[in-house]
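Below: one structure, written as structure tokens.
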Amino acid sequence: MAMHDFLHFCSRPLLGRLGGMKTSPSTTNQQAASSPPASAAALRLQGVHKSFHTNQGPFEAVAGIDLEVGTGEIVAFLGPNGAGKTTTIDMMLGLTVPTSGTITVFGRTPRAAVEAGEISAVLQTGGLLRDLTVRETVTAIAALHGAKERIDTVMERTDIMSLAKRKVSKCSGGEQQRLKFALALLPDPRLLILDEPTAGMDVSARRSFWATMRQDAVAGRTVLFATHYLEEAQEFAERTVLIGAGRVLADGPTAQLREMTGGRVVSALLPTGRPTTPAVQALRAVDSVSSVRLTGQRVLVTGPDSDAAARMLLNELGATDLEITTPTLEAAFMALTGEES
94 MAMHDFLHFC SRPLLGRLGG MKTSPSTTNQ QAASSPPASA AALRLQGVHK
144 SFHTNQGPFE AVAGIDLEVG TGEIVAFLGP NGAGKTTTID MMLGLTVPTS
194 GTITVFGRTP RAAVEAGEIS AVLQTGGLLR DLTVRETVTA IAALHGAKER
244 IDTVMERTDI MSLAKRKVSK CSGGEQQRLK FALALLPDPR LLILDEPTAG
294 MDVSARRSFW ATMRQDAVAG RTVLFATHYL EEAQEFAERT VLIGAGRVLA
344 DGPTAQLREM TGGRVVSALL PTGRPTTPAV QALRAVDSVS SVRLTGQRVL
394 VTGPDSDAAA RMLLNELGAT DLEITTPTLE AAFMALTGEE S
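Residue numbering for the sequence shown follows the numbering used here, beginning at 94 and increasing consecutively.
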């Protein structure tokens, strides 16, 4: 992404002045005259397709996505490389338009939502002015937003106050991500789109970042993020949307998606000196058990209700060293896409 595209999300006054982002006066007046309904979804995609022309012919990167995100939701937007995530995010932000279908942000077009300061983004690509200090960068963008009074608040919230006098060129990758986050918060947007937002951050910075996101969601800000850190999605996203080949493969509460791999796994050691076959047969007869695997004396029991299997193992079969594990989002990701994250 070029610098002007990055600033596109930092300053609505720059819209129409920078290359590729022009808006006709009639369109602008029409958008300004129509206010979105108060009950409008934060983000709505309906029948969205996006095709590109290549040397090999037309390529459909997005093949019909329907998605609605409500106000205050934290949604993980996941998929393997080439799934259409970046193309879809670009359309959500108005950087490109669908070949067919519609996208609205709080009832407006993405471009109009950007102009209104209702949507901001932290993207993987995009430049920062390396010769400016961190504070100079925040101050410049705040001036364009008319948000100078928010400078200190935003810098404190994103933990970059200690970097205020440091040149951007001297900041680490994680520190630059925090600076981009600060710039995205300056207009106080109702919707944040985040693409790999914690890339380059250490564990402490990542936890601080997500603590801030949770506070914002409670206050009504909507967050949609793409990440390769599936443990982040598992821990912080209430809802996960998984896409592949330009389509939605799964969409639901993150906890439910984790269960799609077959439920919890109960692991235990069967008593030595006893035949294992009767124990395996007894476990397989339990209604809530979907599979039983035996390796030596250790048995692995999978099913949606781990309690019944655990009771039988402990009370009837004399098992020891019992552990119950919940399926990970990583396992669901691999099961649904056939790829590692």
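Even glycine gets a Cβ: it sits at the ideal position worked out from N, Cα and C.
Roughly how far, in whole angstroms, is the beta-carbon of residue i from the beta-carbon of residue j, given that I think they are within contact range, below 8 Å?
| i | j | result |
| --- | --- | --- |
| E166 | T315 | 6 Å |
| G172 | L335 | 6 Å |
| A292 | Q217 | 7 Å |
| L422 | R351 | 6 Å |
Roughly how many angstroms lie between the CA atoms of residue i and residue j, to the nearest whole one?
| i | j | result |
| --- | --- | --- |
| I244 | V198 | 26 Å |
| S117 | K273 | Unreliable positioning characterises S117 in this predicted model, as indicated by a pLDDT of 34, which lies under 50. The coordinate reading is nonetheless provided below. In a straight line, the C-alpha of S117 is about 29 Å away from that of K273. |
| A169 | V190 | 22 Å |
| V392 | V359 | 8 Å |
| M427 | V382 | 22 Å |
| A154 | F145 | 7 Å |
| K258 | R228 | 6 Å |
| R204 | L188 | 8 Å |
| A126 | T180 | For A126, the pLDDT reaches just 35, beneath the cut-off of 50, and the residue's location in the model is therefore unreliable, although a value from the coordinates is still provided. A126 and T180: Cα-Cα distance of roughly 30 Å. |
| P420 | L342 | 18 Å |
| S297 | L276 | 21 Å |
| T164 | G267 | 28 Å |
| D183 | K143 | 11 Å |
Taking the alpha helix (DSSP H) that residue i falls in, what are its first and last residues?
| i | result |
| --- | --- |
| L350 | T347 to E352 |
| G266 | G266 to L278 |
| A403 | S399 to R404 |
| L422 | L422 to T430 |
| L376 | T370 to R377 |
| D183 | K178 to M185 |
What are the boundary residues of the beta strand (DSSP E) that residue i is part of?
| i | result |
| --- | --- |
| T395 | R391 to G396 |
| E416 | T413 to T418 |
| A85 | The requested residue 85 does not occur in the structure, where the chain is confined to residues 94 to 434. |
| T388 | S384 to T388 |
| I253 | Segment: none, I253 is in no beta strand (DSSP E) and carries neither H nor E. |
| T333 | R332 to G337 |
| V358 | R357 to L362 |
| L284 | L284 to D288 |
ask   = Would you call the segment 191-201 and the segment 364-377 in contact, with 3 or more CB pairs under 8 Å?
value = The segment 191-201 makes no contact with the segment 364-377; the number of CB pairs closer than 8 Å stays below 3.
request  = Give a yes or no on contact between the segment 257-266 and the segment 312-326, applying the rule of three or more CB pairs nearer than 8 Å.
outcome  = Cβ pair count under 8 Å is below three, so no.
Complete runs of the alpha helix (DSSP H) confined to the segment 194-246 [at least 4 residues] = Within the segment 194-246, the complete alpha helix (DSSP H) runs of at least 4 residues are 203-208 and 227-238.
inquiry  = My parser needs the beta strand (DSSP E) runs of 3 or more residues fully inside the segment 302-329; what are they?
reply    = DSSP runs (the beta strand (DSSP E)) wholly in the segment 302-329: 315-319.
query = Would you call the segment 279-287 and the segment 203-214 touching, i.e. three or more CB-CB distances under 8 Å?
reply = Cβ pair count under 8 Å is three or more, so yes.
task = Entirely within the segment 132-170 and at least 3 residues each: give me those beta strand (DSSP E) ranges in chain order.
result = Runs found: 136-147 and 150-162.
ask   = With a cut-off of 8 Å, do at least 3 Cβ pairs link the segment 246-254 to the segment 320-338?
value = With the cut-off at 8 Å, the segment 246-254 and the segment 320-338 do not touch.
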